[in-house]
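I have placed the structure first, in the form of structure tokens, so that the comments after it can refer back to it.
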Amino acid sequence: MMKLSRLFVHAAFGILACACGSARDDDGGGQGGTGGNGGSGGTSTTSAGPGGGGGGLGTHPTEPSTPTRGGTMTFKNVGAPGWWPRRIDRDAGDPACTYKDGTDTWGGHCCMKEQHTTSTTLAPFDEEMTLIMKAIRLKQLAVYQPSESASSWSMISSWDAQSGQGSNLVVTEGQMTSADFTGDLTKKDCVNYFMQEAQFPCGDGKDYYCPNDPGINHLGWSGSKLIVFLGSMTFDDAGVTKCDGDGQGHAGPWVAFVASELIRDGGRKWNGLCNCYSKTGTVGDGCGEINVFEVVLDNNQYSNREFMSTGVRSYQAGHVGGNVCGEGCDRDAFADDVEVVDACAKKAYTSGPEIEVGGGADGCPVWRRPIGDRYFMILLDEKQREIQVAVIHPEKIPAEAAGMLPLLPGALSRDTIDALLSMRLPE
Numbered sequence: 001m002m003k004l005s006r007l008f009v010h011a012a013f014g015i016l017a018c019a020c021g022s023a024r025d026d027d028g029g030g031q032g033g034t035g036g037n038g039g040s041g042g043t044s045t046t047s048a049g050p051g052g053g054g055g056g057l058g059t060h061p062t063e064p065s066t067p068t069r070g071g072t073m074t075f076k077n078v079g080a081p082g083w084w085p086r087r088i089d090r091d092a093g094d095p096a097c098t099y100k101d102g103t104d105t106w107g108g109h110c111c112m113k114e115q116h117t118t119s120t121t122l123a124p125f126d127e128e129m130t131l132i133m134k135a136i137r138l139k140q141l142a143v144y145q146p147s148e149s150a151s152s153w154s155m156i157s158s159w160d161a162q163s164g165q166g167s168n169l170v171v172t173e174g175q176m177t178s179a180d181f182t183g184d185l186t187k188k189d190c191v192n193y194f195m196q197e198a199q200f201p202c203g204d205g206k207d208y209y210c211p212n213d214p215g216i217n218h219l220g221w222s223g224s225k226l227i228v229f230l231g232s233m234t235f236d237d238a239g240v241t242k243c244d245g246d247g248q249g250h251a252g253p254w255v256a257f258v259a260s261e262l263i264r265d266g267g268r269k270w271n272g273l274c275n276c277y278s279k280t281g282t283v284g285d286g287c288g289e290i291n292v293f294e295v296v297l298d299n300n301q302y303s304n305r306e307f308m309s310t311g312v313r314s315y316q317a318g319h320v321g322g323n324v325c326g327e328g329c330d331r332d333a334f335a336d337d338v339e340v341v342d343a344c345a346k347k348a349y350t351s352g353p354e355i356e357v358g359g360g361a362d363g364c365p366v367w368r369r370p371i372g373d374r375y376f377m378i379l380l381d382e383k384q385r386e387i388q389v390a391v392i393h394p395e396k397i398p399a400e401a402a403g404m405l406p407l408l409p410g411a412l413s414r415d416t417i418d419a420l421l422s423m424r425l426p427e
């Protein structure tokens with residue numbers, strides 16, 4: 001695997017993953033291409049880049065677009081004791097295979113046990129998580145996590161398109177390419193995985209299954225974490241090819257934050273018969289997946305390229321959120337400055353909706369697909385047991401986000417984190 005400060009050079013062989021994610025899929029959150037356990041490389045940056053706890057990224061130029069009032073979706077009461085099925089590397093008949101002792105999607109042996117947790121703070125989203133993106137034009141990316149004192153959060157991973165530099169970040173596309181990483185993920189419908197540079201310690205495999213897939217065997221981010229990126233979902237659908245370059249590709253933007261364990265179960269999450277996604281076979285009530293932003297394009301009544309869905313899935317309550325504004329929705333029915341709308345009532349929100357895990361919700365919130373650049377954010381906080389998802393226009397940064405945007409500094413105070421959690425956009 002090559003490590004360069006200015007170029008992301010993919011050195012990957014193996015599976016070609018095409019995510020056609022759907023808010024209604026119950027088999028893994030996406031309808032991907034075929035997969036296997038073939039070796040696959042990745043691309044990484046050195047710690048010499050910006051961010052990574054240093055001076056931060058600074059302001060990035062943005063393309064002019066109609067300013068919007070922004071939007072948030074706030075998921076509350078996140079985390080509860082429970083369990084999910086975990087794949088382990090044991091022989092058939094081993095008594096440790098308490099959940100399943102059978103075969104995986106490709107006919108290999110599948111041994112799974114019940115993985116229990118007593119955590120109440122974000123569980124299972126306090127476990128390692130991996131960021132997934134497709135069909136996005138990325139300009140900046142920053143990952144923050146709490147310092148040891150918890151009084152501030154440090155930027156521990158980053159990438160910036162202006163310099164082509166990054167820090168503590170690995171990007172694995174899943175195919176061989178010699179192109180440098182420009183941040184433009186809109187040319188092909190390949191799935192891109194973002195992880196930390198450090199290798200995941202597989203050990204002997206008896207308690208945690210590790211595939212022969214070097215591009216995936218990297219650490220995710222555990223505990224509290226904040227992902228924020230500047231990007232655009234505006235592009236010509238016809239210009240997107242399949243991941244292998246053969247024909248029209250799936251043009252639906254997708255940002256997901258999933259259990260790292262899920263993509264390591266084999267086939268990078270599309271091993272439907274042997275992964276931790278669900279313990280009942282439905283609704284993703286397993287190790288945890290968040291479809292942070294998903295444009296549903298499945299050629300059915302749920303599809304609409306002009307809206308995005310956000311859904312949280314885990315053993316705590318199955319599928320929470322994940323609303324769609326399908327073929328009956330018209331983006332032009334809403335004012336130009338609207339970001340988040342109620343798909344059931346067909347009206348714009350005047351204050352950011354709240355969704356309680358295991359409880360009620362303020363309507364059926366979905367996003368209008370942004371036109372032009374936006375700051376996109378997902379914040380998972382153990383202290384408040386909340387997941388805050390936000391879309392912010394670069395020309396309308398709210399006061400609560402001023403400690404973070406547009407500079408993306410090397411560290412954020414706890415007060416800034418609390419302010420971000422308090423946002424209920426539009427205000």
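Residue numbering for the sequence shown follows full-length UniProt numbering, starting at 1 and increasing by one per position. Cβ coordinates follow ideal geometry from the N, Cα and C atoms, glycine included.
For residue j and residue i, the rounded distance between their alpha carbons
i	j	result
Lys206	Ala411	38 Å
His393	Asp337	10 Å
Pro64	Glu395	9 Å
His218	Lys347	43 Å
Cys18	Leu131	Legend: pLDDT at Cys18 = 34, less than 50; position of this residue unreliable, value from coordinates given subsequently. Roughly 15 Å between the two C-alpha positions.
Gly321	Lys76	12 Å
Gly318	Glu114	17 Å
Pro201	Ile216	12 Å
Glu382	Lys134	28 Å
Leu169	Gln196	5 Å
Ile263	Glu128	11 Å
Glu261	Ala123	14 Å
Ala251	Asp94	44 Å
Gly239	Ala402	36 Å
Gly56	Pro370	26 Å
Cys287	Trp153	25 Å
Asn271	Gln301	27 Å
Glu289	Met233	21 Å
Asp104	Cys110	5 Å
Thr182	Cys276	33 Å
Gly223	Asp204	24 Å
Ser149	Ile156	15 Å
Val341	Gly231	21 Å
Phe220	Ala198	The question names Phe, but residue 220 in the sequence shown is Gly. Going from the Cα of Gly220 to the Cα of Ala198 covers about 9 Å.
Asp89	Tyr99	13 Å
Ile227	Leu408	11 Å
Glu339	Trp367	6 Å
Gly247	Val296	20 Å
Thr62	Leu138	11 Å
Gln384	Val78	9 Å
Tyr375	Ala96	45 Å
Three-state class that DSSP yields for residue i in the structure shown
i	result
Ala238	helix
Asp330	coil
Glu114	strand
Ala399	helix
Trp106	coil
residue 429	With the chain covering 1 to 427 only, the question about residue 429 has no answer from this structure.
residue 431	Because the chain is modelled from 1 through 427, residue 431 falls outside the range shown and cannot be assessed.
Ala411	strand
Lys100	strand
Glu427	coil
Phe13	Unreliable placement is indicated for Phe13, whose pLDDT of 24 sits below 50; the coordinate value is still reported in the next sentence. Residue state, collapsed to three classes: coil.
Range of the contiguous beta strand (DSSP E) that encloses residue i
i	result
Thr130	Met129 to Lys134
Ile156	Ser152 to Asp160
Thr120	Looking at the DSSP string, Thr120 is not in any beta strand (DSSP E), and its letter there is neither H nor E.
Glu386	Glu386 to Ile392
Met233	Neither: Met233 is in no beta strand (DSSP E) and is coded neither H nor E.
Ile88	Gly82 to Ile88
Val320	Gly318 to Gly321
Lys76	Gly71 to Lys76
N-terminal and C-terminal residue of the alpha helix (DSSP H) that residue i is part of
i	result
Ala419	Arg414 to Ser422
Beta-bridge pairing of residue i - partner residues as DSSP gives them
i	result
Asn168	In DSSP, Asn168 forms no bridge with anything.
Ala142	Ser158 and Val228
Phe200	Paired residue(s): none; Phe200 is not in a bridge.
Arg137	Asp184 and Ser232
Asp126	Looking at the DSSP assignment, Asp126 forms no beta bridge with any residue, so it has no partner.
His218	Gln199
Task: Every unbroken alpha helix (DSSP H) inside the segment 251-314 [4 residues or more] - done: 260-264
Task: Unbroken stretches of the beta strand (DSSP E), 3 residues or longer, contained in the segment 336-392 - done: 340-342, 354-356, 365-368, 373-381 and 386-392
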